[in-house]
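Trainee:
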Amino acid sequence: MHTLHLSNKKCSKILGIPSLGLALVLLVCLVSPVSSCTEQEKGSLLQFLAELSQDGGLSASWRNGTDCCKWEGITCRQDGTVTNILLPSKGLEGHISQSLGILTGLQYLDLSGNSLSGGLPLGLLASSSITTLDVSFNQLNGTLHELPSSTSGRPLQVLNISSNLFAGQFPSTTWKTMENLIAINASNNSFSGQIPTQFCNTSPSLTVLDLCFNKFSGSVPPGLGDCSRLRELRAGYNNLSGRLPDELFNATSLEYLSFANNGLYGVLDTTRIVNLRNLVTLDLGWNQFSGKIPDYIGQLKRLEEFHLNNNNMSGELPYALSNCKNLITIDLKSNKLSGELTNVDFSNLPNLKTLDLLSNNFTGTVPESMYSCSNLTALRLANNKLYGQLSSRIGNLKYLSFLSLGKNNFTNIANAFQILKSSKNLTTLLISYTFKGELMPEDDIIDGFENLQVLDMDSCQLSGKIPLWISRVTQLKMLILRSNQLTGPIPDWINSLSHLFHIDVSSNTLTGEIPITFTEMPMLKSTDNTTHLDQRVFELPLYNGPSLQYRVVTSIPAMLNLSNNSLTGVIPPQIGQLNMLVELDFSFNKLSGQIPQSICDLRNLRVLDFSSNNLTGAIPAALNTLHFLSAFNISSNDLEGPIPSGGQFNTFQNSSFDGNPKLCGSMLTHKCCSDSLSMSTRKKRDRKAVFAIAFGVFFGGITILLFLACLLVSIRQKGFRVKNRRESNGEVEATSFYSSSEQTLVVMRMAEGQGEENKLKFNDILKATNNFDKENIIGCGGYGLVYKAELPDGSKLAIKKLNDEMCLMEREFTAEVDALSMAQHENLVPLWGYCIQGNSRFLVYSYMENGSLDDWLHNKDDDDASSSLDWPTRLKIAKGASLGLSHIHDVCNLKLSTETSNPVTSCWTKDLKLMLQILGLPD
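The sequence shown lines up with residues -36 to -1, 1 to 887 when you count with mature numbering (1 follows the signal peptide of the UniProt record, and there is no 0).
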């Protein structure tokens, strides 16, 4: 069976091509070449080679004067006629030469998985010999031109142009010349307009039609129903609208039908759906279908995948669904379905592996028949109106790894844990907002859960203590006990859970001191920055709120949240050992003492909240070195002394410090003066005063002279740099403006002739970032955070605010301005301007609409990511990155800083062009 390459999970199954195509391929492959190819054909092949900018090593064997039938990737008949060119994944770059179209005996052309660009030569489609043409996974672009209407019948059987950059209208008349066409795969391009209506009138043998991940619009053409041999029809992830035409159900050979993620609507209650008795996969998810699931669904006996999720379906599940005995996946989440699940006899579905009924209105109990689905691996019943107790028969689900029962009205949590402990493959257990008001099971005989990694009992209003049996869940990585009524101390055994990195016991009534064992958590002390959670732990995407999902484990932070309890004592100084912590929240407790200096060692910290406690003493000044800190709150304590300045402290709201009358700072009404200093600070100052005065008198004169000399040299160097920069940039003019306060004008590099239009005041930056609000943080780089700024005219910029000790910050600022103003390349994010405001330094970059490459690889929904990051795109990424890095090292001769773990990050423009942004340079 010949395989057509597909670009995404929804379109990634092997497309079977009838044995005729296979026979043709095998026939020509088995013929032994005994004669040399003709000079004309050799010339055509050498012309193809000459038009490649990268030949992948072909030139080693493709040499003039040798027999081209023996060249790499070439197969000939006995008479020396070239029949096959097989060059997949050879690293080829450049254009496809028109010369290949004149190879009169060429039958099979495979150039897939390369980096070829330009258009597809019309001569290849119009070839009088080619039967299989595969140019998938390249960077071909432009439109597919129509063949002249006078063109006689062409022999093409298989056309695979998937995962390229083609755009424009999809051809309609071209197919009239291809009566032998069996398969078309045009997925993962940017074709627009309507889907052609006459495919099967002229190509009656069409078996596979894959148009998913394009920009097709309009309605589904009724003419597709004339494709009597069509087995696979994929048109998901387009902009189609309207109703499914009744004529579509005349395509009785269909095995795979997908119109997922469009704008289709209407009801499915049509008797004609029974015509599709051969259907194996039916995917109509993410549309606007309404009405009931028709009883006729039960006549689709071969159905294995049934996706009707994220629509407006209502009514009860039909009993007829029980007749689809081959079902493997049922996905009906996010609809308005109601009634009892007992309507379906799940015992008739022995192959069922995934059942997702999230966010509907089902009532009643979990049917006993569901526990007969012995192959079930993922079961989600969350956010319905189910009640009752779990049956002991759930233990029959030996392969169950993902169980989500939250937001229902289940009872008897102790019984549930006694039953579930025997589920040896269970990795994720989500039971939030159910079992409400019960007693936390404290039975010491509860064991098992040997592979459980995620346990979520959020908002169950459970009473009792944190039970000992949790200490025996040795693989646990996420423990969420938030919003219950738990009492007593936090147990000392917490550090025995060596894999635990996400702990949330907030909003309980826990008492006692913070156990010192918390500071010995192995995963929070780890220096290994790899992902803590196996991606496979979530068989289904998790949802946090009505529409937000956190499927990707990299979005789950290392967290310690003990807030809203009644904890007493001091914050352990050893807390600074938990260097992997991203969120630390001890707010709304009764903690006393000082904020430990060791908190300043938590370099990965983004959220720090100690508000509403009884803390005293000063705020550690070194907290301003936590460059990633975006949320900070120490309000309602008894802290005193100055608020640290610089770093992220210049961005925090005044409310972060409210309720501390002894604090002083420039952002407060209470300004700092000598009397505002704490007693300890004053004593330290007095002890050093005599030595400081003597030292200053002795070296003061020398220091002043050196300073004046350095200042004179610096002024001359800056003048020289500005002069050189203007000379080297040609069309770019640097204009400087200086004044004071918010009226300070940013130094902007602008295109010649734009002059006054590009003036940007510092006040504009403040407004565009909402005073550097944390909501506008889009990233972090060397020595500071990066903010999104949206100007009144709708344009967007990225503002990097440098934070560090003044000396290091000035070095970073100078290094970036000097180097990046001359580092101009199409794959480097340009530096458009900079600003000096008081003790702060700001850099202005282009805003990258699509974020970082890391987000697309790890933090995007699988379907979205795979729709864009196919292999040609990945090759383009690698090429763009290498060109950018080459320019940095070889042309600009820049050395990257080692003070940031990622000195260069990859970003996307709006049109998905890769750009490198330099985040750190040495001075």
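Glycine residues also receive a C-beta, built at the ideal position from the N, C-alpha and C atoms.
(1) Out of curiosity, what's the CA-to-CA distance linking P185 and F366?
(2) Taking the C-alpha atoms as reference points, what is the distance between S311 and N287?
(3) Is Y809 helix, strand or coil when you go by DSSP?
(4) Compare the C-alpha of K140 against each of E110, L542, S156, G623 and name the closest.
(5) Can you tell me which of T107, E143, D74 puts its alpha carbon nearest to the alpha carbon of F130?
(6) For the candidate residues S427, T392, T235, whose alpha-carbon lies nearest to that of L403?
(7) Check whether the Cβ of G230 sits closer than 6 Å to any heavy atom of the ligand NAP, and report yes or no.
(8) Note down, one range per segment and in chain order, each alpha helix (DSSP H) of at least 4 residues found wholly within the stretch 322 to 409.
(9) If you count every other CB in all the chains shown that lies within 10 Å of the CB of T95, and 16 or more means buried, which is it?
(10) Distance, Cα to Cα, D31 vs G844?
(11) So who's on the other strand from H466, going by DSSP bridges?
(12) Around the C-beta of Y283, are 16 or more other C-beta atoms found within 10 angstroms, so that it is buried, or is it exposed?
(13) Per DSSP, which residues does D247 bridge with? Please list them.
(14) By how many angstroms is the C-alpha of L104 removed from the C-alpha of G83?
(15) CA-CA distance, R357 and F413?
(16) Quick one: is E604 buried, meaning 16 or more other Cβ sit within 10 Å of its Cβ, or exposed?
(17) Taking only the alpha-carbon atoms, compute the straight-line gap between Y204 and S136 and give it to the nearest angstrom.
(18) Let me check understanding here. Comparing Cα to Cα, which of G255, L208, L232, L173 lies closest to L218?
(19) Measure the alpha-carbon distance for L319 versus Y335 and round it to whole angstroms.
(20) Within 10 angstroms of its Cβ, does Q71 collect 16 or more other Cβ (buried), or is it exposed?
(21) What residue does the alpha helix (DSSP H) around G87 start on, and which one ends it?
(22) Does DSSP put D309 in a helix, in a strand, or in coil?
(23) Suppose you measure from the CA of L847 to the CA of N601; what does that come to, to the nearest Å?
(24) Only counting the same chain, and skipping five residues up and downstream in sequence, which positions put a Cβ closer than 8 Å to that of G249?
(25) From the DSSP output, read off the bridge partner residues of P294.
(26) To the nearest angstrom, report how far apart F616 and D622 are at their CA atoms.
(27) Between the alpha carbons of R344 and N415, how many angstroms are there, rounded?
(28) DSSP has T473 in a bridge; who is on the other side?
(29) Secondary structure at Q62, three-state DSSP: helix, strand or coil?
(30) Are the stretch 302 to 309 and the stretch 243 to 263 touching, with three or more C-beta to C-beta distances below 8 Å?
(31) What is the rounded straight-line gap between the Cα of P85 and the Cα of K265?
(32) For the alpha helix (DSSP H) that contains S11, what are its first and last residues?
(33) Please list, in chain order, all residues of the same chain as S183 whose beta carbon is under 6 Å from its beta carbon, the five residues on each side excluded.
(34) So the beta strand (DSSP E) C628 belongs to, where does it begin and stop?
(35) With a CB to CB cut of under 8 Å and the five nearest residues on each side skipped, what residues in its chain are close to G200?
Mentor: The answer reads as follows:
(1) Take the alpha-carbon of P185 and the one of F366: they are about 40 Å apart.
(2) When rounded, the distance between both Cα atoms is 10 Å.
(3) Collapsing the DSSP output to three states places Y809 in a strand.
(4) When each option's Cα is compared against that of K140, the closest is E110.
(5) Looking only at T107, E143, D74, the smallest Cα-Cα distance to F130 is reached by T107.
(6) Among S427, T392, T235, the Cα nearest to that of L403 belongs to S427.
(7) Questions concerning the ligand NAP fall outside what the structure shown contains, since it holds no ligand whatsoever.
(8) Complete alpha helix (DSSP H) runs here, min 4: 377 to 384.
(9) By the neighbour-count criterion, in which a residue is buried when 16 or more other Cβ atoms sit within 10 angstroms of its Cβ, T95 is buried.
(10) Roughly 37 Å separates the two Cα atoms.
(11) M442, M523.
(12) Classification of Y283: exposed, given that the 10 Å Cβ count is below 16.
(13) Per the DSSP secondary-structure output, D247 pairs in a beta bridge with S222, H271.
(14) In a straight line, the C-alpha of G83 is about 6 Å away from that of L104.
(15) The alpha-carbon separation between R357 and F413 amounts to approximately 17 Å.
(16) The residue in question, E604, is buried, as its Cβ has 16 or more Cβ neighbours within 10 Å.
(17) Here the sequence assigns Leu to residue 204, which means Tyr is not the residue at that position. L204 and S136 have their C-alpha atoms roughly 17 Å apart.
(18) Of G255, L208, L232, L173, the smallest CA-CA separation from L218 is found for L173.
(19) Distance between the alpha carbons of L319 and Y335 is about 12 Å.
(20) Buried, because 16 or more other Cβ atoms sit within 10 Å of the Cβ of Q71.
(21) In the DSSP annotation of this structure, the continuous segment of the alpha helix (DSSP H) that includes G87 starts and ends at 86 to 89.
(22) In this structure, D309 counts as coil in the three-state DSSP scheme.
(23) Taking the straight line from one Cα to the other gives about 54 Å.
(24) So the list reads A224, N225, H271, L272, N273, N274, N275, D295, once near-sequence residues are dropped.
(25) One detail in the question is off: residue 294 reads as Ile in this sequence, not Pro. Residue pairing of I294 in beta bridges, as defined by DSSP: F270, L319.
(26) Rounded to the nearest whole angstrom, the C-alpha separation of F616 and D622 is 12 Å.
(27) Taking C-alpha positions only, R344 is separated from N415 by approximately 19 Å.
(28) Secondary-structure assignment with DSSP links T473 through a beta bridge to T451.
(29) The DSSP-derived three-state label of Q62 is helix.
(30) Cβ pair count under 8 Å is below three, so no.
(31) Each residue's alpha carbon lies about 45 Å from the other.
(32) The amino acid at residue 11 is misidentified as Ser; the sequence shows Gln. First-last of the alpha helix (DSSP H) with Q11: 3 to 14.
(33) Here the set comprises G206.
(34) Secondary structure note for C628: its beta strand (DSSP E) is the uninterrupted segment 626 to 628.
(35) Annotation for G200: K(-27), C(-26), C176, F177, S222, F223, A224, N225, N226, D247 place their beta carbon closer than 8 Å to its own, counting only its chain and skipping 5 residues before and after.
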